[in-house]
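This report concerns only the one structure given below.
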């Protein structure tokens, strides 16, 4: 299977020089003004490390030039197939999508709330929770009382965390073109932001303000710039990205 | 922790979070049969576990109790589950799940070279994950393996 290649993404052919600076044994094949970023497929099953390499490659690329990320594991039988079956027939669509993502990147923000801090914030001033806590502590109280306390607390904590997250998010919303909530549960709230390249520094500053506000309540992980994984459909469906909110709250 | 310039990571550090970025995302070329995704349909990741409601409520009840000044003798009467919850907390549960995710990925990725399809042994575990989008199904349990 010596010829099989993995296709990691597509850049403009004029940008393919960036590949010289990318990590790993990567090269490009060009057609129709586009260059596919490829590497030899390993002669074994793909594993997690291959996913890491795929992302590293794309992250290093998007730092310098616009790139359309391909789904991890995209494979073609050989280089000619990449030219003739990926780039050439899809050239118009790929070019349009590449243009759409040219000026933007994705930044991700994870909020990991400190459960104890959240509980402390809501219980002190909440007579209902206090009453349930007292009841759960009475002699003879059992699982039912504990569950009632836990449920009431969980509901209030969720509301509290959501309210805080929404308040903090204002910092970044002013900078981002779009935002989408990727994941939300009691441990983690993950949001992707579509940010113009020339506003990354503004986003960094916004996140620093957010960190200061969240201190003691939530840990923040801030990642990027990534290719616009979470906005590919939005960006390519309409030629002009419309202002719209994807907020899930 | 002092505030250095910008605390921005180039990419997520953990494998599960990397997979969260790259799986099911990105351009898919489906125009031609010879260009395909390699075994990716086998990969749906329990990157994070949504703890079943009862467990969650017990943990919150415990958190409230921790804040109270009164002795918490009642806790001693609870089953081992409760001890585990209060000691481990959410973080360690998540880490356990991440380890599980890594194992499942390495087990689930099928051969690029099309060797065989025999390694679809996880299909019975994944049936209910398909239509949940990016969310993690609430009724999943951490995979305990090896």
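Protein chains in written order, with our numbering: chain L, -17 to 231; chain F, 4 to 149. Note that beta-carbon positions come from the ideal geometry of N, C-alpha and C, so glycine has one too.
{"query": "Per DSSP, the bridge partner or partners of residue 51/L", "result": "-9/L"}
{"query": "Cβ neighbour criterion (16 or more within 10 Å) applied to residue -9/L", "result": "buried"}
{"query": "Backbone CA spacing between residue 207/L and residue -15/L [nearest angstrom]", "result": "32 Å"}
{"query": "Residues within the region 191 to 206 of chain L neighbouring chain F, beta-carbon criterion of under 9 Å", "result": "193, 194, 202, 203, 204, 205, 206"}
{"query": "contact_flag[the region 37 to 48 of chain L, the region 9 to 26 of chain F] where n(CB pairs < 8 Å) is 3 or more", "result": "yes"}
{"query": "Min CB distance residue 178/L to chain F below 8 Å", "result": "no"}
{"query": "Buried versus exposed, by CB contacts within 10 Å (16 or more), residue 5/L", "result": "exposed"}
{"query": "The region 66 to 90 of chain L: positions lying closer than 7 Å to chain F by Cβ", "result": "67, 68, 71, 72"}
{"query": "Selection of the region 41 to 61 of chain L by Cβ proximity to chain F, strictly under 7 Å", "result": "41, 50, 51, 52, 53, 54, 55, 56, 57, 58, 59"}
{"query": "Neighbour list for residue 211/L in chain F, Cβ cutoff strictly below 8 Å", "result": "24, 25, 28, 29"}
{"query": "Buried/exposed call for residue 213/L, threshold 16 Cβ in 10 Å", "result": "buried"}
{"query": "Residues that DSSP places opposite residue 171/L in a beta bridge", "result": "93/L, 166/L"}
{"query": "Residue 18/L versus residue 24/L: straight-line alpha-carbon distance, rounded", "result": "18 Å"}
{"query": "Exposed unless 16 or more other CB atoms sit within 10 angstroms - verdict on residue 188/L", "result": "buried"}
{"query": "Where the alpha helix (DSSP H) containing residue 117/L begins and where it ends", "result": "109 to 119"}
{"query": "Residues from the region 7 to 18 of chain L in contact with chain F, defined by Cβ distance under 9 Å", "result": "none"}
{"query": "Buried versus exposed call for residue 10/L [16 or more other C-beta atoms within 10 Å across all chains shown]", "result": "buried"}
{"query": "Other residues of its chain near residue 165/L: CB distance less than 6 Å, five sequence neighbours each side excluded", "result": "172"}
{"query": "Rounded straight-line distance, which links the Cα of residue 69/L to that of residue 63/L", "result": "9 Å"}
{"query": "Proximal residues to residue 157/L (C-beta, below 7 Å), its chain only, five neighbours per side dropped", "result": "177, 181, 184, 185, 188"}
{"query": "Option in 196/L, 3/L, 82/L with minimal Cα separation from residue 216/L", "result": "82/L"}
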